[in-house]
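Protein chains in written order, with the numbering used here: chain Z, 16 to 288; chain D, 574 to 1087; chain B, 63 to 623; chain V, 41 to 354. No residue lacks a Cβ here, since even glycine has one placed at the ideal position from N, Cα and C. Everything numeric in this text was worked out from a predicted model, so none of it was measured.
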Amino acid sequence: MRNFVAANAAIGSFIIGVLFIVAGIGAIWTPYDPLGISFRDKLVPPSPGHWLGTDEFGRDVVSRLMAGAATSVWISVTTVVIAVTIGILIGVTSGYSRGWFDRIVMSLNDALLAFPGILLALGLLAVLGANKYGIIVALGIAYAPSVARVVRGTVLSIREREFIAASRVVGNSEAYTMMRHVLPNCLAPLTVLTTSMFGWVLLAESSLSFLGLGVPPPAPTWGNMLASARPYIGQAVWLAVLPGLCISITLLGINLLGDALRDRLDPRMRDRT
Amino acid sequence: MFRRVALLALGMLVVTSPTFGQTLRVALNQDIRSSEPGVNRDGNTDVVMTNVVEGLVSYDKGGAVGPLLAASYQISPDGKAYTFKLRKSVRFHNGNPLTAADVVWNFDRYMNPKTSWYCLNDFNGTNGTKVVSYSAPDADTFVLQIDKPDALFLDSMARTDCGGLAIIDKASLKPDGSWDKPIGTGPFIFGVWKHGQSVQFDAYKDYVSPPGKERDGFIGKKAPLVDHVVFMAIPDGATVKAGLESGEIDVAVVPESDVKELRANKNLAVEVGTTPVRNAFILQTRDPVLRDVRVRQALAISLDYKQIVDAVTEGLGRVNNSPVFDTSGFFGDVEKKGFEYNPDKARELLKEAGYKGQQITVHANKRSTVPSFPMTVLAQQMWQAVGLNVNIEVLDWPTQLSKYGTGGYMMQSTSYSPRFDVASGFEQISGDKDKQPRKVWDNPDALTMIDKAMETLDPVVRQPIFDKLHTMLLNDVPIILTHNRVACMAHSAKVEGVEPTSFSYGMWGVTKKD
Amino acid sequence: MEKNLLSVDSLSVRVTGIGLDVVKNVGFTVQAGEIVGIVGESGSGKTLAARAAMGLLPPGIATTGGSIKFDGEEIIGIAPRRLRQLRGSRIGMVFQEPMTSLNPSMLLGHQLDEGLALHRRLPEAKRREMILDMLQRVGMDQPERALGAYPHEFSGGMRQRIMLASVMLLRPALLIADEPTTALDAVVQRDVLELMVGLTREEGTAVLLISHDLGMVARYCDRIIVMCRGEIVEQGKSDELLARPKHPYTRKLLGAMPKRGADRSFPKEEQPIVSIRNLVVEYPGRQKLFKRDPAHRALHGIDLDIAPKQVVAVVGSSGSGKTTLGQVVAGLVKATAGEVRFDGAPIGRDQKAYWDYRMNCQMIFQDPYSSLDPRQTIGQIVGEPLRHVRDMGTAAARQRVVEVLEEVKLGADYANRFPHQLSGGQRQRAAIARAIVRRPRFVIADEAVSALDVTVRAQILDLFTELQNRHGFSCLFISHDLGVVEQVADRVIVMDKGRIVEEGDRSTIFDAPQHPFTRKLLSAVPALQAAPGGGVRLLWRLDAPEGDPLSSVQKPANRPA
Amino acid sequence: MLRFILARIAMALPTLLIVTVSVFLLIRMVPGDPAALMLGDNADPASIAMLHAKLGLDKPLPTQFAVWFGNLLTGDLGSSIASGQQVLPLVWSRFLISAQVVVAAVLLACAAAVPAGVFAAWRQNGKLDIGCVSIATLLMSIPTFWLGLLLLLFLGLKLRWLPVVGYVGIAEDPWRGTLYLIMPILTLFLHEMGVILRMARASTLEVMRLDYITHARAKGLTEGAVLWRHAFKNSFGPTWTLIGLVLGNLLGGVAVVETVFTIPGIGRLLVDAIFGRDYPVIQGCMLMVALVYVVVNLLVDLCYPLFDPRVTIE
């Protein structure tokens, strides 16, 4: 099992590492122009010229997958950063202050949780303009409540630990205690959450794109590639299979990595017993 | 014992499949909006409902108006009085005979604002012609007065979006006056409607066909040749294709891109035809950049239309830069001449206009029924090739439409709904932008000419006007029309009689072999 | 020669994943009806050695050699079916943690009946009768009601009795008791042990009692086995082993038992450094939808004076309010009424007095695993209180941290380590360093040594006494452990249910207790008296007071020590 | 009990109110006008004004909300702009269709995943465990829309085992109705099975460490009895909460699967209503979704004491 865990961690890190490298390359260089159309090369099956074939506009699928990786990774990372930042702010203040402030913030939070992301995304997209920034803000706001919940829970449990009392006895102010002792100790569970959330956001972006609410074409993301491949599923199977495969493999990597992180971080979380 | 089992099995069959006989399954990309013609509608609903209801007049396949429930009609010399003679022995689906009194009752209903008839403003004087009075002098005669001569009045009566002024039986309403379901005179009876899923029509065995030897648009020979037609709402194109291949769908409108693949399947056939739907890029002539006609001209002549149309229609469509649809009688040599593809000249024009790479944003949408998105993607590359900095913004359709309605765009890739009358087709895009921001062409000369064309139906008067308008439009470039929609009807090889036009969902005259 | 009921021979147990031997070549025997104790500190392998006898090693840990014979039958490699027949029926087991050793989601009646139904073919009515009878014998007031209840409805002591009942129902030949009372209060601890010993004597069941508490084991066991780091270092008859320990480790264990320190006297007229007047703490009841639960009063008007340089101990069982008292005095909990004065100034009203007090009052917490921020280095943790010392530069602060770390015998190089890299004792040293780094005049120690192993506890107590003598801070020492209190306290305050029931000098309280509650507390704890030859003698301070619910249960014969 | 339910509902009311108000505002902030959509390129100002008046969209926003909210209190959610159907029966009937898919999938997933998870935990680190965890992680990583597409391609088009088009209610035609539901249920089932299996395994592992499991073994119980009577029931709490969450989320958000398999459920109704700017339907759907979320959570909490008697409902 030890080997299994280690192997999983290695596979997970490898997949995510490759993803980031591909995304990094895809952001600056791709074999073909991911937006460059070519009438003659429509729906070319995988071949030496186009390793993974071309799509309905004759655009090279490898290039689009790479550029899509760049967009997807960029969106996911930025979204997670936004969600985590907002979530931490809300979670820590509400968890640490408790009382009526906590109650109000948390009922707002619950309302947001009960709100389907798709509607929120559409609304914000329309207000912010249909581009990837809209998606980022919308998903960021949609996922911040989950972070806030976890952070608040962690804060509540950390508050009860004796080193917080110790800090107060020393004469430290509440704000200092929060910044210096509470916040750093929230980070371990947050790391695990952040990893999983990276996967959720990737999936959410793909789902939204699939429903036609995501990053608008022609800019490629895996989700909208998959969505626009649907009509060609009979003629050009690779178009539908490849982006889905990319999403699945990435999610697998994230899940494996998340598990490994949880295994690594949990014993320390439990060291109070 | 064995017989009892067999009987039982038969009994189960009866329970599980309530419909007997020939059933034609037709895919719709969206459920019909309502069963109330001309009130709660969209393009699909209009045509689907022509299976059930009929008006006094309607279109033939060339877009000319002809009698449907009327046997004939006469227009008074002053052009203000219309007299319709009704066809004899026409009965509603519930067996009631059609009389002129029914027509009066229907007009009462449509002209009542409470009905919220879609075309009320085109008949009550708000947007032009006003119906002054109507009456039924005898059971077969209906007389109607309008306030001024209007060459297009019959066309308005035939308009499918107005419900074709469908004549329905009083029993279509519930006792409280609210809508129940349409009891019309069409070849099919409105059957079970499962909202969001499917609507079933059953053959009207006692249907009396209008005169004619063969099918002719919405008129001509009409007869229900299958027992049932089920229109199934399937929004997803891939699913539709799968359904055609598996035999679960008999008839469907398919995108051009599927034609080749489907034709390769020997169980399927595809009919192709063109419709008066016009696909276009529209340009905001009041935009700081596009105000300069040279920039607009450059945009127009930097496109290789043949390549774009071939690409988006898979070689099935024809380039048409004119608002006159290419199957119209008015589509002549002048109209055939469109924009001249000349990238070098486009670059020159841009230079003259002092264009310095200002960004031009084109709104497009990804609705599967229109080529808005692929057209824009293809055009973008050609525009970029001559140095136009064009950016695509994909919007959802309601958003694009609301920007269209307020004129809040630089360019949009859009499609115009069919107008069988060519003058109406011009009127659709032209008008005073101050009053109606959605209008794209506000050249005052053009507006005067369009008004003149609407006063008559005489081709000798009209043709030169349309020719002139077409030429002016090519010069002004408020709109870049590319081609008329290609209708591709895929159907099972067992099915015959499908017509791939605007009338495609009219299922009379269609047969299905076992 | 008596027949061996259990005989373990050169047993080795290994953590297979990392190849660590946790029990090495251990051999011992248990005879029928005998009570044998295994004593050792955490990590000594005592629990694993005993569990191996039932084939109940946790996953990832396995026997690698030796033999275990129960009633002549080899346990290692036995068929699972046969092993299951032995378990419960012939060998029973009682666990340490009463909170987790009963299934929380199963009715007690079912849990008690489960083993009985499995091993004894008896009609249901008969089984029920047996269960009720056994519950009565373990001192349940309403056995009938207990059958239809869930474990969480009972206190820890009660649960341990139920546990005992469920095991003894089957009259096993051997009972393995793994720290059966460690998690309980001293008073309850004694009750449960007496009950266990009484019951097993009656049924003739042999007991293998595993404990870290040498005093307790010596009190009840015929023979004692001492384990250290997986090996048996010494075994023998209880009184002999106590009186004449041979192995140095045994001697070290005995030496670590708390002993009364030297008496100190304090001038009466001096102004108390901290004085508490009429202190009341109420916790508001939970807010329900339309009303509030009644408030819970944790402290009922406490008065208390602490003289300079004096160590005042507060003792009491759990729920007595002693921890709340410490928290109020430390300023962690707000008092509902009453006041705390520092140097005569009430700290509640005067900002300056409060800050003065804050600077001079520090606290040592119970759990060294929770009281140190896991994300900071020991240096940061210890140095943190110096932030508030005016006119102390960074260099001076660093110097002070090093000084203090050396004082608590950690050494300067510990400053860069993180808490999880330290052992429990080292962490508690760091916690003490943090408490004294600002040279406070008053320290609150809340169960400061309760979580530590016996030998470590002795070292920490010595360190504490040494520091207290050197720096002369006053101390409020909160503990449930009378032995520890006897070692360090100058004055003792006995609390029960939020009130002070008795207070006085150490010798008065320990030698001439007045209040029945104090007497009961004392009676539960054994004391050791140094005996010639480096050994000790075991003494019970007092007999169980009258009216003890256990007096009906037959008590073991009091063997002379 | 009743009091607890009332209290929970009282607590949920602000949440519902916030959802209601924000949906109302948000959807109206989005550009697009239902009247313009109905009129298409024939949208002259007079006709739009007429339609607005008919739909009540000409009034100021607070008035519109007051009217809608007032009707809501009388149980009237208005009628769809697009189809004219009453919103309440429309939303309810679509919800039932979604619920039938979701509940079936989740029940099946539980039936398969919970025992598998418990067994995997029992055989921790064994081959069975590693196999289960690997499969679960893999299943969890496949997005439902892709999984659905692959199933459609394989089971529907290649093998022709199952129909790919349309939907028939179970009530009208049990046999064909079932055939249509197999693929969507299978898709959701596979995905949720991964999630639930991991949770069941993790929480069983937590419990397996506790003394009462050793105690049960020490009584001589068979491994089966230990596992089911002692481990399973105590470990089911967290899994149960997760199942509640999954149910609550799925019931409001199976739009993707419904789109792939053309099932007229509430998710697709919502998406269609959004694209059609059908305000009353959007509001009705959202209210329903939020309500379902609240009710499912309430039911989960009410059932919790069955698995853990320490949790009481008061």
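Under the Cβ distance rule, Gln773 of chain D does not count among the residues neighbouring chain V, no pair being separated by less than 8 Å.
Counting along the chain, the unbroken alpha helix (DSSP H) around Leu245 of chain V starts and ends at 214 to 248. Judged by DSSP in its simplified three-state form, Thr1074 of chain D adopts coil rather than helix or strand. In the structure shown, Asp365 of chain B adopts extended strand secondary structure according to DSSP, grouped into three states. Burial of Glu446 of chain B is indicated by the presence of at least 16 other C-beta atoms within 10 angstroms of its C-beta.
Taking a contact to require three or more Cβ pairs closer than 8 Å, the region 916 to 934 of chain D and the region 868 to 877 of chain D qualify as touching. Residue pairing by DSSP places Gln297 of chain B opposite B:Ile287 in a beta bridge. Around the beta-carbon of Ile43 of chain Z, fewer than 16 other beta-carbon atoms lie within 10 Å, marking it exposed. For Phe213 of chain Z and Arg79 of chain Z, the gap between their C-alpha atoms comes out near 21 Å. Within chain V, the residues Asp84, Ala86, Ser87, Met90 have their CB atoms less than 9 Å from the CB of Asn694 of chain D, given in chain order.
Rounded to the nearest angstrom, the gap between the Cα atoms of Glu176 of chain B and Leu232 of chain B is 11 Å. Annotation: Lys658 of chain D is outside any alpha helix (DSSP H); the continuous beta strand (DSSP E) that includes it extends over 654 to 659. Straight-line measurement puts the Cα of Tyr344 of chain V at about 9 Å from the Cα of Pro278 of chain V. Against Val296 of chain V, the close residues of chain Z are Ser222, Phe225, Leu226, in the order they occur along the chain (beta-carbon pairs closer than 7 Å). Ala654 of chain D and Val676 of chain D do not touch by the CB rule: their CB atoms are close to 15 Å apart, not below 8 Å.
Going by DSSP, Glu528 of chain B is part of the alpha helix (DSSP H) stretching over 516 to 533. Ala996 of chain D has a beta carbon lying at 8 Å or more from every beta carbon in chain Z. Taking a contact as a CB-CB distance under 8 Å, the pair Val200 of chain B and Leu178 of chain B does not count as one, their CB atoms being some 15 Å apart. Within the region 378 to 398 of chain B, the residues whose Cβ lies closer than 9 Å to some Cβ of chain Z are Gln389, Ala392, Gly393, Leu394, listed in chain order. When the Cα atoms are used, Ile36 of chain Z and Gly1079 of chain D turn out to be separated by approximately 56 Å. Using beta-carbon distances, Phe116 of chain Z does not count as an interface residue toward chain B, since no partner is under 8 Å. With fewer than 16 other beta carbons inside 10 angstroms of its own, Ile49 of chain V counts as exposed. Take the alpha-carbon of Ile1053 of chain D and the one of Ile855 of chain D: they are about 6 Å apart. At a cut-off of 8 Å between beta carbons, Tyr207 of chain V contacts chain D. When C-beta distances to chain D are compared with 7 Å, the residues of the region 236 to 267 of chain Z below that value are Arg245, Pro246, Ile248, Gly249, Gln250, in chain order. At a cut-off of 8 Å between beta carbons, Leu58 of chain Z makes no contact with chain V. The beta-carbon of Ser830 of chain D is placed less than 8 Å from the nearest beta-carbon of chain Z. Ser138 of chain V places its beta carbon less than 8 Å from that of Gly307 of chain V. Inclusion of Gly324 of chain V and Val127 of chain V in the CB contact set at 8 Å is warranted, their separation being smaller than that value.
Inter-residue distance for Val96 of chain Z and Glu468 of chain B is about 44 Å (C-alpha atoms, whole angstroms). A straight-line Cα-Cα distance of about 31 Å links Thr94 of chain Z and Ile179 of chain Z. Taken atom to atom, the span from the alpha-carbon of Asp1087 of chain D to that of Val799 of chain D is near 11 Å. Residues of chain Z whose Cβ lies closer than 7 Å to the Cβ of Val142 of chain V do not exist; the shortest such Cβ separation is about 14 Å. Listed in chain order, the positions of the region 120 to 132 of chain V with a beta carbon within less than 8 Å of a beta carbon of chain D are Ala122, Ser123, Gly124, Gln125, Leu130. For Leu717 of chain D and Ala1060 of chain D, the gap between their C-alpha atoms comes out near 36 Å. Here Pro235 of chain Z has Pro49, Arg79, Ala82, Gly83 as same chain residues with Cβ atoms under 6 Å from its own Cβ, once five neighbours each way along the sequence are excluded.
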